[in-house]
Every structure is written in C-alpha cells, then in structure tokens.
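All remarks here apply to the structure that follows.
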Amino acid sequence: MSAAPAVPTLRHTVPGHRYGTLDVPVDGGALRVGVWDPVDDAGDVAAGAPTVLAVHGITASHLAWPLLAGALPGVRVVAPDLRGRGRSSDLPGPFGMARHADDVAAVARAVADGPVPVVGHSMGAFVAVMLADRHPDVVAGLLLVDGGVPLPEPPGLDPAATPAERLRVVLGPAAERLRRTFPDAAAYRAFWSEHPAFAGVWGPVVLDYVDYDLVPSPQGLRPASNPEAVAADSLDLHAKGPVAAALGRLQRPTTLLRAPRGLLDEPVALYDPEHVARWVQRAPALRPRDVPDVNHYTIVMSRDGSAAVAAETGALLGALTEEVR
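Its first residue numbered 1, the sequence shown is counted upward by one per residue in UniProt numbering.
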C-alpha cells in the first residue's frame, strides 16, 4: 500500500468519521480507495472499528458512499474506485467482473486482517458476487443493492444491438455523457442537475460526486469513467455472463435490496419483482426486499435509502460478531 494521495476537498462531511484516500497496488498500477474512518470524541481514529467494503456501480466512484458511512457510526467504510473509474480510470484492461473482483480482493487484504461484509450497488453488486465466488476468504457476507442479478433484456431491444447500444438503452444519460466533454465544472453540474433521478436529493453529496467525476482532457473536462471499460463490463451483466453461475453457488443467505423506481426515477424498476423471483429459483440464497420510495441512484445516495442499506449492513456486522463469539 503506497502513501496516501491527495484527498479531495468535499462539501459534505460525515459526522463521526474522518475521510481520506489511499492507493492499493493491483495488476497494472494502483487502485484509488476512499476510506471513512470512525473517530472518537477527541477526533482521533477509533481503534478496532469493524470494516465494511462498499463497491460502486458501472459509471460511479467511491463518492457514491458517504451517506452510508454516515449511517454506520463506529464503522470503517472502505470504497474503491473500480478499474476504469474515478481516480483508477487510467488502469489498463482487461476489464470484467472477475478482474474487478481480484482488484477488490487486493483492497480487502490491504485494509483488513480477515473477512469483511461487502456491500455492492448496481454493477458493484455483480463484482461482490464474483468476489465471494473467487475470494471467499475475504468475504464475511454480501449485501446486494439493486444489482448482482443478471439484467433483464430491455423491452424492444434489437437482438443484434452492440454492447454500446445496449448500454445506452439501459443507462440512458449516464452512458450518453461518457463521450462528451464539458467546458467547466458548472456545465457538468448543469447536465446532472437535469437528471430526474436526483431531483429530490440535489445537494452537497451529489455535487461532490459530480465534481469528482470530472478529469481533464485535451478537449476539455470529461467524465472519468473509461468508455471502453464500461462497455466491456456491461457484457458480464446479463444471463450469459459469469455472474449467473456464481450467483447460483452462493451459500450464505444474501439480501437483495430492490429499488421500486428506475434509473430515471420512472415507475419501471431496473428489476421487476417477477424477474427477481425467477432468479431466486435459480439462486435460492437470495432474499429480496424492497426499499420504498427510492430509485436506482437514491437507494444509496439519499438518507432514506442509505438508512435501509445501513440497517442490512449492520445485520451483517452483527452476524459476524456472533460467529466470532
């Protein structure tokens, strides 16, 4: 583990935690990792705090998770920027869920002496499933948040659609922005401010997330996510990808939190209940549960959504404590 890199200046501070970043060596370079350490009344990092590993979605970064950290007092939350995203965007391929799982395993071994609970959102849930399958020694339990179950085919999608076309249909503006440039941070904020998923939660947390997503390019500022990484990773998110088999091999009961609203805050969810029920038959370890009044983003980037995720994470930590006893 290398020396701590420069820490971004954030608008939102997490009460009871100290935020920092570190770099963890992985194949091809270093993975940037965000850490929220709990602090005591004197402001010192609390010794012996339990660790939770949080894994973000397909075009996100570790700054999807500050509200989860705030909802877990006394818990250390460790969240990498996945390969091809955030400040890990320059890491080379190959990409895919197995590659990400190996990277996240390196993070887990760098920050903890034993297995830890793993929370994955969206594509991060797919990574978490592969992590449990490939590196069970680092995983104390999984929580899947509106992800991890192979995606349904989008209605009306041309069977001959390319991965990039499929991605645009599923992700909408989140995918469309990746090949755009912006003259300044204000223009990028304006782009995101029109996204319907964030209409009710626009504020410091989302602004930090948006600003962190910008990196310089010769043409101006661009989103940090590597479009080639995103396209390659999208191939693993469907029933023919490697996660389906790994999901069926899960042994521990695993909660899947479902957002009833979709990526654009529409009433059509990313996962409809019937699709989830079919996958529960194939992966009986899954325990699906809905989080009311959230969409695919606000299930982790709103206080109500994060509270629900934190409650399930706390249950994982409690079960781990009982096992140790």
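For glycine and all other residues, C-beta sits at the position ideal for the given N, C-alpha and C. Remember, it's a predicted structure, so these values are computed and weren't measured experimentally.
Thinking C-beta only, is L53 closer than 9 Å to V129?
Stepping through the sequence shown from its first residue, residue 129 is reached at position 129. Stepping through the sequence shown from its first residue, residue 53 is reached at position 53. Contact: no.
Alpha-carbon spacing of V230 relative to T13, whole angstroms:
Working through the sequence shown from its first residue, we reach residue 230 at position 230. Working through the sequence shown from its first residue, we reach residue 13 at position 13. Cα-Cα distance, rounded: 29 Å.
Considering only their Cβ atoms, is the gap separating A71 from A319 smaller than 9 Å?
On the sequence shown, position 319 is the one that residue 319 refers to. On the sequence shown, position 71 is the one that residue 71 refers to. No. Outside cutoff.
Output the boundary residues of the alpha helix (DSSP H) element that contains Y188.
As a working note, residue 188 is residue 188 in the sequence shown. A185 to S193 is the extent of the alpha helix (DSSP H) around Y188.
Taking only the alpha-carbon atoms, compute the straight-line gap between P216 and P227 and give it to the nearest angstrom.
Reading the sequence shown from its first residue, position 216 is the one you call residue 216. Reading the sequence shown from its first residue, position 227 is the one you call residue 227. In this structure, the straight-line span from the alpha carbon of P216 to that of P227 is close to 15 Å.
What is the residue span of the beta strand (DSSP E) that P288 lies within?
Position 288 of the sequence shown, counted from the start, is the residue given in the question as residue 288. For P288, the enclosing beta strand (DSSP E) stretches over residues L286 to D290.
On the criterion of 16 or more Cβ atoms from any shown chain inside 10 Å, does V170 qualify as buried, or is it exposed?
Translated into the one-based positions of the sequence shown, residue 170 becomes position 170. Counting C-beta atoms within 10 angstroms of its own C-beta, V170 has 16 or more neighbours from the protein chains shown and is therefore classed as buried.
Look at the alpha carbon of A42 and the alpha carbon of F95, and state the distance between them as a whole number of angstroms.
One-based indexing of the sequence shown puts residue 42 at position 42. One-based indexing of the sequence shown puts residue 95 at position 95. For A42 and F95, the gap between their C-alpha atoms comes out near 43 Å.
Taking 9 Å as the threshold (C-beta atoms), are A79 and V33 in contact?
Sequence index remark: in the sequence shown, residue 33 carries index 33 (1-based). Sequence index remark: in the sequence shown, residue 79 carries index 79 (1-based). Yes, Cβ-Cβ distance for V33 and A79 is below 9 Å.
If contacts are defined as beta-carbon pairs under 8 Å, then F126 and L237 qualify, I think. What distance do you get, rounded to the angstrom?
Your numbering for residue 126 matches position 126 in the sequence shown. Your numbering for residue 237 matches position 237 in the sequence shown. Right, their Cβ atoms sit about 6 Å apart.
Measuring CA to CA, which of H62, A232, D81 and P183 is closest to A205?
Working through the sequence shown from its first residue, we reach residue 205 at position 205. It should be noted that the sequence gives Val, not Ala, for residue 205. Among H62, A232, D81 and P183, the Cα nearest to that of V205 is on H62.
Cβ contact check for the stretch 273–281 and the stretch 291–300: 3 or more pairs under 8 Å
When C-beta atoms of the stretch 273–281 are compared with those of the stretch 291–300, fewer than three pairs fall below 8 Å, so the two segments do not count as touching.
When the distance is taken between beta carbons, is R189 closer than 9 Å to P223?
If you number the sequence shown from 1, residue 223 lands on position 223. If you number the sequence shown from 1, residue 189 lands on position 189. The answer is no: Cβ separation not under 9 Å.
Could you pull out every unbroken beta strand (DSSP E) segment of at least 3 residues lying fully inside the UniProt domain "AB hydrolase-1" (50–159), listed in chain order?
Listed in chain order, the beta strand (DSSP E) runs fully inside the UniProt domain "AB hydrolase-1" (50–159) are 51–55, 76–80, 116–121 and 139–145, counting runs of at least 3 residues.
Are three or more beta carbon pairs between the stretch 260–280 and the stretch 137–150 nearer than 8 Å?
Contact between the stretch 260–280 and the stretch 137–150 is present, because at least three Cβ pairs lie under 8 Å.
Determine, for T21, whether the minimum Cβ-Cβ distance to residues of chain B falls below 9 Å.
The structure shown contains no chain B; it is built from a single protein chain.
How many Å lie between residue 332 and P136 at the Cα?
Outside the shown range of the chain, which is 1 to 325, sits residue 332, and nothing can be said about it.
Start and end of the alpha helix (DSSP H) containing A246?
Sequence index remark: in the sequence shown, residue 246 carries index 246 (1-based). Residue range V243 to G248 is occupied by the alpha helix (DSSP H) that includes A246.
Which of helix, strand or coil DSSP assigns to S217:
Here residue 217 is taken as the residue at index 217 of the sequence shown, counted from 1. DSSP, read as helix, strand or coil, puts S217 in strand.
Please tell me whether H100 and D81 are closer than 9 Å, where the distance is taken between their beta carbons.
Here residue 100 corresponds to residue number 100 of the sequence shown, with the count starting at 1. Here residue 81 corresponds to residue number 81 of the sequence shown, with the count starting at 1. In this structure, D81 does not lie closer than 9 Å to H100 by Cβ.
In terms of residue numbering, what span does the beta strand (DSSP E) encompassing H275 cover?
Taking the sequence shown and counting its residues from 1, the one referred to as residue 275 is at position 275. That residue, H275, is in no beta strand (DSSP E); its alpha helix (DSSP H) goes P273 to R282.
Check this for me: beta carbons of A49 and Y209, under 9 Å apart or not?
To locate residue 49, count along the sequence shown from 1; it is residue 49. To locate residue 209, count along the sequence shown from 1; it is residue 209. The Cβ atoms of A49 and Y209 do not sit closer than 9 Å to each other.
So, are the CB atoms of L286 and V300 less than 9 Å apart?
Counting from 1 along the sequence shown, the entry for residue 286 is found at position 286. Counting from 1 along the sequence shown, the entry for residue 300 is found at position 300. In this structure, L286 sits away from V300, with a CB-CB distance that is not shorter than 9 Å.
Which residue comes first and which comes last in the beta strand (DSSP E) that contains V205?
Here residue 205 corresponds to residue number 205 of the sequence shown, with the count starting at 1. No beta strand (DSSP E) holds V205; the alpha helix (DSSP H) holding it covers P204 to Y212.
Which residue or residues does DSSP assign as beta-bridge partners of F182?
As a working mapping, residue 182 is identified with position 182 in the sequence shown. Per DSSP, L221.
Beta-bridge pairing of H17 - partner residues as DSSP gives them
Translated into positions along the sequence shown, residue 17 becomes position 17. The partner list for H17 (beta bridge, DSSP) reads P38.
Cross-strand partners of R32 (DSSP beta bridge):
Locating residue 32 in the sequence shown gives position 32, counting from the first residue. Paired residues: D23.
If you draw a straight line from the C-alpha of P18 to the C-alpha of L10, how long is it?
Against the sequence shown, residue 18 aligns to sequence position 18. Against the sequence shown, residue 10 aligns to sequence position 10. It should be noted that the sequence gives Arg, not Pro, for residue 18. Taking the straight line from one Cα to the other gives about 12 Å.
Please state whether DSSP places R252 in a helix, a strand or coil.
Within the sequence shown, numbered from 1, the residue matching residue 252 stands at position 252. R252 falls in the coil class under three-state DSSP.
Count the other C-beta atoms from every protein chain shown that fall within 10 angstroms of the C-beta of L157, then say buried if there are 16 or more, exposed otherwise.
Locating residue 157 in the sequence shown gives position 157, counting from the first residue. By the Cβ neighbour-count rule, L157 is exposed, with fewer than 16 other Cβ atoms within 10 Å of its own.
Run of the alpha helix (DSSP H) containing S234, from where it starts to where it stops:
Taking the first residue of the sequence shown as position 1, residue 234 is located at position 234. Looking at the DSSP string, the run of the alpha helix (DSSP H) that includes S234 is P227 to S234.
Please determine, among V39, D37, V119 and L91, the residue with the shortest C-alpha to C-alpha distance to E312.
Here residue 312 refers to the residue found at position 312 when the sequence shown is read from its first residue. Each of V39, D37, V119 and L91 was checked against the Cα of E312, and the nearest Cα belongs to V119.
Cβ shell of R249 (< 8 Å), same chain only, five flanking positions each side left out
Locating residue 249 in the sequence shown gives position 249, counting from the first residue. So the list reads D133, once near-sequence residues are dropped.
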